[in-house]
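> Residue numbers (my numbering), protein chains in the order written: chain A, 19 to 218; chain B, 252 to 671.
No residue lacks a Cβ here, since even glycine has one placed at the ideal position from N, Cα and C.
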């Protein structure tokens with residue numbers, strides 16, 4: 019309901035303010051159509067190596083689009099899609115994907131309690147919750163990582179470790195990932211991908 | 252000290268083992284975390300404690316905020332600036348927008364405004380044709396190019412561990428020449444490795460060398476300010492015991508170097524205070540890591556040292572206000588009492604529970620550091636407990652005597668002017 023009101027308000031305000039600065043979820047939905055082929059209907063990916071974006075932190079999505087656009091996060095699939103997007107497109111896309119309901123169904127792996135326990139320890143040692151919060155659903159530019167696809171989490175951490183992708187928050191992820199072993203990455207990714215839904 | 256001996260200092264950095272980030276108390280030796288500066292890995296990936304804090308519950312969630320991904324649109328900026336408070340007669344307006352993560356500013360001889368950036372990797376040029384300003388990205392792909400300077404037709408930029416010189420810069424804004432490395436005896440780490448450049452009348456540059464962590468015994472080649480001649484690569488150490496300094500200026504009355512300094516984190520929300528310092532003697536020690544704000548011995552690293560051994564700050568600016576760029580005012584536009592005052596851009600807190608700073612401070616002080624007085628000059632960038640719509644980074648005087656202020660959060664430059 020809340021969402022619908024926001025969307026409606028955004029549409030109504032369009033003709034009134036010619037240079038609309040605020041993010042527009044409805045416009046984002048339209049602009050996001052080409053994204054869904056890989057990132058999944060409703061932003062929940064079922065494609066290996068492709069992250070789910072539903073409910074992801076708005077600011078995190080925006081930063082990644084900026085990094086894709088300026089080439090600092092090189093990606094042959096993303097590059098042609100976002101080459102010409104504007105700052106306004108980036109804000110709209112961030113708002114749209116953030117507005118989609120967070121899904122715990124993104125990860126299709128069966129839980130391995132032993133590996134998850136090891137991963138939990140890694141998450142504690144490297145203090146992931148300092149930025150990603152206790153529920154690992156992130157805040158501002160710190161990504162939501164709970165229930166993300168396991169294969170994607172492995173890829174993301176490996177890329178941070180090798181500095182193949184830049185970090186926000188000065189160099190927080192670059193520094194945090196620098197000390198991870200391959201086994202650490204596998205374990206912590208499994209732990210995060212198979213987190214039970216938060217208790218309400 | 253010449254370049255050669257500094258270089259030896261770096262290469263032969265003793266395997267200093269230091270501990271960081273433990274709460275007070277009798278920690279036994281095996282409880283301490285050890286880092287070894289003789290290992291190349293230390294210089295590539297310093298300990299992460301500086302942004303993670305001490306693992307206490309109170310510090311949780313105080314991670315460095317990243318800021319907006321895209322610069323604030325002009326109409327939003329103009330609305331935001333209406334909330335800025337200034338003394339009567341002063342006005343703030345947008346000078347230029349759409350400058351991602353704008354940091355230090357420097358004037359070219361022909362009126363080009365050069366602007367560095369934080370993680371955007373860019374250097375920008377703002378040009379003005381009859382009031383119509385154009386922002387151009389002239390350099391891309393540098394590592395934390397926060398510091399910029401202009402001298403003898405050349406643009407100087409810090410690329411984390413290299414001072415780069417781009418000759419005949421203003422004539423080549425569309426295609427900058429390949430840079431010449433003017434000085435590179437600097438560590439490669441990012442944490443507190445970004446820099447600010449202050450050029451003196453002879454063309455030597457003051458460059459800060461911050462330690463790659465919050466608190467610890469720094470390798471002897473860092474936690475200092477050097478005075479570097481970009482023509483010859485000669486360098487001397489002018490100040491020791493300095494934590495993270497990203498701003499300074501030369502007093503037009505005395506020729507002395509003054510600088511801002513960010514104090515250690517994770518002690519508390521209200522201590523220690525950040526500092527405004529004044530160098531009166533070559534190589535004097537400002538206290539880090541033994542003593543903070545001139546009167547707080549570090550709970551772990553004082554190690555028997557007394558605060559009286561070190562140079563205290565001229566002004567305590569407040570805890571977590573994050574003073575960055577500063578300038579002595581030498582113009583004629585502002586009222587007479589502003590002459591030779593110091594304006595300091597305070598970036599504001601990131602790990603205080605309630606943000607403070609995020610404003611421009613005015614300091615009135617004698618050339619010898621006596622009779623200091625500070626007051627808030629411009630404020631209002633903090634919104635709520637822990638958010639900003641902008642964060643002031645640097646200050647530069649314009650030829651007409653107005654002040655330009657860069658903002659790396661909103662990605663903009665403001666102009667503050669005075670009219671009777």
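For residue 151/A, which residues in the same chain have their Cβ closer than 6 Å to its Cβ, ignoring the five residues on either side in sequence?
Closer than 6 Å at the Cβ level, and outside the excluded window around residue 151/A, lie 157.
> Any C-beta of chain B sitting closer than 7 Å to the C-beta of residue 210/A?
no
> Helix or strand or just coil, what does DSSP make of residue 542/B?
Reduced to three states, the DSSP call for residue 542/B is strand.
> Residue 438/B: which of 662/B, 593/B and 290/B sits nearest, CA to CA?
290/B
> Where residue 499/B and residue 459/B are concerned, what is the direct C-alpha to C-alpha distance, given to the nearest angstrom?
10 Å
> Alpha carbon to alpha carbon, how far is residue 202/A from residue 69/A?
20 Å
> If we define contact as Cβ-Cβ less than 7 Å, is residue 296/B a contact residue for chain A?
yes
> Can you find the residues in the same chain that come closer than 7 Å, C-beta to C-beta, to residue 129/A, ignoring five residues on each side of it along the sequence?
Correct list, in chain order: 212.
> Less than 7 Å between CB atoms is the rule here; does residue 282/B satisfy it with respect to chain A?
Only weak support exists for where residue 282/B lies, its pLDDT of 44 falling under 50; the value from the coordinates is given anyway. No, because no Cβ of chain A sits closer than 7 Å to the Cβ of residue 282/B.
> In this structure, how does DSSP classify residue 206/A when only helix, strand and coil are distinguished?
helix
> Please state whether DSSP places residue 607/B in a helix, a strand or coil.
coil
> Among the residues of its own chain, which have a CB less than 8 Å from the CB of residue 342/B, if the five just before and after it don't count?
667, 668, 669 and 670
> Relative to the alpha-carbon of residue 345/B, which residue among 357/B, 360/B, 359/B and 323/B has its alpha-carbon at the smallest distance?
323/B
> Please report the straight-line C-alpha distance between residue 594/B and residue 657/B, rounded to a whole angstrom.
Computed Cα separation, rounded: 13 Å.
> Under 7 Å, do residue 628/B and residue 613/B count as touching if we go by C-beta distance?
yes
> With burial defined as no fewer than 16 other Cβ atoms inside 10 Å of the residue's Cβ, what is the status of residue 113/A: buried or exposed?
Buried is the call here.
> Secondary structure at residue 636/B, three-state DSSP: helix, strand or coil?
coil
> If the criterion is Cβ atoms closer than 7 Å, does the pair residue 584/B and residue 653/B meet it?
yes
> Apply the 10 Å Cβ neighbour rule to residue 183/A and answer buried if 16 or more other Cβ atoms are within range, or exposed otherwise.
buried
> On a CA-only basis, which of 649/B, 513/B, 637/B and 664/B is nearest residue 312/B? Give me that one, please.
Comparing C-alpha distances from residue 312/B to each of 649/B, 513/B, 637/B and 664/B shows the shortest one belongs to 637/B.
> Along the beta strand (DSSP E) that carries residue 665/B, what are the first and last residues, could you check?
663-669
> CA-CA distance, residue 402/B and residue 635/B?
42 Å
> Please list, in chain order, the chain B residues whose beta carbon lies closer than 9 Å to that of residue 46/A.
Ordered by position in chain B, no residue passes the 9 Å Cβ test against residue 46/A, which lies about 14 Å from the chain.
> Look at the Cβ atom of residue 146/A, then the Cβ atom of residue 160/A, and state whether they are nearer than 7 Å.
no
> By Cβ distance below 8 Å, which residues in the same chain neighbour residue 120/A in space, the five residues on each side in sequence not counted?
72, 73, 155, 162 and 165
> If you measure beta-carbon to beta-carbon, which residues of the region 371-390 of chain B are closer than 9 Å to chain A?
371, 372 and 373
> Could you confirm whether any beta carbon from chain A is found closer than 7 Å to the beta carbon of residue 659/B?
no
> Quick check: the Cα distance between residue 267/B and residue 386/B, rounded to an integer number of angstroms?
With a pLDDT of 45 at residue 267/B, under the threshold of 50, the predicted position of this residue should be treated as unreliable, though the coordinate-derived value follows. Their Cα atoms are separated by approximately 46 Å.
> Quick check on residue 356/B: does DSSP put it in helix, strand or coil?
strand
> Are there three or more Cβ pairs, one per stretch, closer than 8 Å when the region 592-607 of chain B is compared with the region 567-577 of chain B?
They touch, by the three-pair rule.
> Would you mind sorting residue 153/A into buried or exposed? The rule is 16 or more other CB atoms within 10 Å of its CB.
exposed
> Rounded to whole angstroms, what's the CA-CA distance from residue 274/B to residue 512/B? Just pull it up for me.
No answer about residue 274/B holds up, because its pLDDT of 40 lies below 50 and its placement is not dependable.
> What's the gap between the Cα of residue 616/B and the Cα of residue 479/B?
27 Å
> Using beta-carbon positions only, say whether residue 526/B and residue 564/B come within less than 7 Å of one another.
yes
> Tell me whether residue 232/B sits in a helix, a strand or coil according to DSSP, three-state version.
Here chain B covers residues 252 to 671 and nothing more, so residue 232/B does not appear.
> Measure how close the beta-carbons of residue 299/B and residue 187/A come, nearest whole angstrom, since I'm counting them as under 8 Å.
With 8 Å as the limit, residue 299/B and residue 187/A do not qualify as a contact, their Cβ atoms being about 11 Å apart.
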